[in-house]
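2 protein chains.
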Amino acid sequence: IRQKVRAIAHETDVAKVTILRVPDKPGIAASIFGPFGDAGIDIDIVLQNVSHDGTTDLSFTIAESHLPKARRMLGSVTRKVQAQGYTATAGVAKVTVIGSGLRGTPGIYAKIFQALADAGINIQMIATSEIHVTCIIDRPRVREAVRALHAAFELERI
Amino acid sequence: IRQKVRAIAHETDVAKVTILRVPDKPGIAASIFGPFGDAGIDIDIVLQNVSHDGTTDLSFTIAESHLPKARRMLGSVTRKVQAQGYTATAGVAKVTVIGSGLRGTPGIYAKIFQALADAGINIQMIATSEIHVTCIIDRPRVREAVRALHAAFELERI
Ligand SMILES: C[C@@H](O)[C@H](N)C(=O)O
Ligand SMILES: C[C@@H](O)[C@H](N)C(=O)O
Chain A
1 IRQKVRAIAH ETDVAKVTIL RVPDKPGIAA SIFGPFGDAG IDIDIVLQNV
51 SHDGTTDLSF TIAESHLPKA RRMLGSVTRK VQAQGYTATA GVAKVTVIGS
101 GLRGTPGIYA KIFQALADAG INIQMIATSE IHVTCIIDRP RVREAVRALH
151 AAFELERI
Chain B
1001 IRQKVRAIAH ETDVAKVTIL RVPDKPGIAA SIFGPFGDAG IDIDIVLQNV
1051 SHDGTTDLSF TIAESHLPKA RRMLGSVTRK VQAQGYTATA GVAKVTVIGS
1101 GLRGTPGIYA KIFQALADAG INIQMIATSE IHVTCIIDRP RVREAVRALH
1151 AAFELERI
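Those protein sequence lines, which keep their order, are chains A and B. One point on numbering: in this note's numbering, the residue at position 90 of the first sequence is 90, and numbering is uninterrupted. Plus 1000 on top of the position in the second sequence (first one is 1) and you've got this note's numbering.
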C-alpha cells in the first residue's frame, strides 16, 4: 500500500458552501454553477451525494477570500433552483492524499481514514478520484492531519 | 476552456452503495472501510457531504460484480457504526471528465453540467478533484452522456 501513496497535499484557504435540498432533476447543477462561473469565482471541489425525497445537498469549496463575493450570490442562486437554503462556512481546510491506483487497492481508504481517526480528526466531507482522496476538516487540525498521513504512509515530510 | 479538458472516460460496471445517516464523528469512515478492505472489495469513489443533525450519508461505488459480496456485509457494517440503514443500487455508470487545472477555470463545471442537462441526463452523484470531474448517472444514458461531453468540449471520439 505504501508505494501507492506518493504525497500529502493540503490547502488552508478553504471555505465550504452547501446549497440545501436542491431538486434532484436535470439542469439543477448547471443552474448553480453557471452564475458562479460568470462571476469568475473559482470553484475547487464539487460534491453531491444521493438524493432522498427528490432532493439532495450540493456542496462546493472555494477560497475563503472569495466567500464574501459568493455570499452575495447565494440567496438568488438558492431561490433560482428552488432549494431550501444554504450554508457557507469558513475555517476549514482540504487535505489530499495523492497516489496512483488508489482505486483497486483494498484497504487504502481504510488506512487513510484510520490515520485521521487515530488523531481524533473529524472528516466533514470526502471526495475521491483515481489519484486523489480529498478530505475537508477543521482548519486548526490540518497540520496534525498531514503529520498523521505522512506517518501512516511512511512518507518523508518535506 | 476546451484545452483544459482532455478526455472523457466512462465505466459501466458500477453499483452505488450508501450507508444512511452515519454519525458524523471521528472513526466512523475508518470503521466502514476497514471491513471492505479486509474482504478484498475494491472501492472506487467515496463520497460524503456535510452532516445535518450530527449525521450524514456515506456513499461509495464498487463494481456491480462485487455487489452480492458487499451486500452480505452491509447489515453488520451499518449496525457497527450505528447508521440508520443502507441502500445498494446496480445499473448506474460513472462518467469522468479528465483535464488539467479544472479547478481555477471558472465556468468549466457549469459547462460540464450543462452538457448533461441539455441531454436531459440526471446527475446522481458528483465528486471532483483537480484533474477529474466524476458524475454518476443511470447506465442506459452513458453513451449519450459521453457524446454530449465530447461535443461540448469539441473532442474527437476515439
Ligand atoms: C442535483 C443535481 O445534480 C441534478 N441531479 C442535476 O442533474 O443537475
Ligand atoms: C462521517 C465520517 O466521515 C466521520 N466524520 C469520520 O470522521 O469518520
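The C-beta atom is built at its ideal place from N, Cα and C for all residues, glycine as well. Because the structure is a prediction, the values reported are computed rather than measured.
query: Is the distance from the Cβ of B/His1010 to the Cβ of B/Lys1111 below 8 Å?; result: no
query: Under 8 Å between the Cβ atoms of A/Ala90 and A/Arg71?; result: no
query: Please find out if some non-hydrogen atom of ligand 1 comes closer than 7 Å to the beta-carbon of A/Asp24.; result: yes
query: Where in the segment 1043–1111 of chain B do unbroken runs of the beta strand (DSSP E), each at least 3 residues long, occur, reported from the N-terminal end onward?; result: 1046–1048, 1055–1062, 1085–1099
query: Hey, out of B/His1132, B/Asp1138, B/Val1142, B/Pro1106, whose CA is closest to A/Leu47's CA?; result: B/His1132
query: In terms of DSSP beta bridges, what is B/Asp1183 paired with?; result: In the structure as shown, chain B starts at 1001 and stops at 1158, and residue 1183 of chain B therefore has no counterpart that could be examined.
query: Look at the alpha carbon of B/Asp1038 and the alpha carbon of B/Lys1080, and state the distance between them as a whole number of angstroms.; result: 15 Å
query: Look at the alpha carbon of B/Pro1140 and the alpha carbon of B/Ala1119, and state the distance between them as a whole number of angstroms.; result: 13 Å
query: What residues in the segment 1073–1103 of chain B have a beta carbon less than 8 Å from any beta carbon of chain A?; result: Thr1087, Thr1096, Arg1103
query: So what does B/His1132 bridge to, in DSSP terms?; result: B/Ile1098
query: Comparing alpha-carbon positions, which option in A/Tyr109, A/Thr96, A/Ile123, A/Asp13 lies nearest B/Lys1043?; result: Note that residue 1043 of chain B is Ile in the sequence shown here, rather than Lys. It is A/Tyr109.
query: Can you have a look at B/Ser1076 and say buried or exposed, based on whether 16 or more other CB atoms are within 10 angstroms of its CB?; result: exposed
query: Take every Cβ of the segment 13–31 of chain A, pair it with every Cβ of the segment 53–62 of chain A, and state whether three or more of those distances are shorter than 8 Å.; result: yes
query: Does any residue of chain A bring its CB to less than 8 Å from the CB of B/Leu1047?; result: yes
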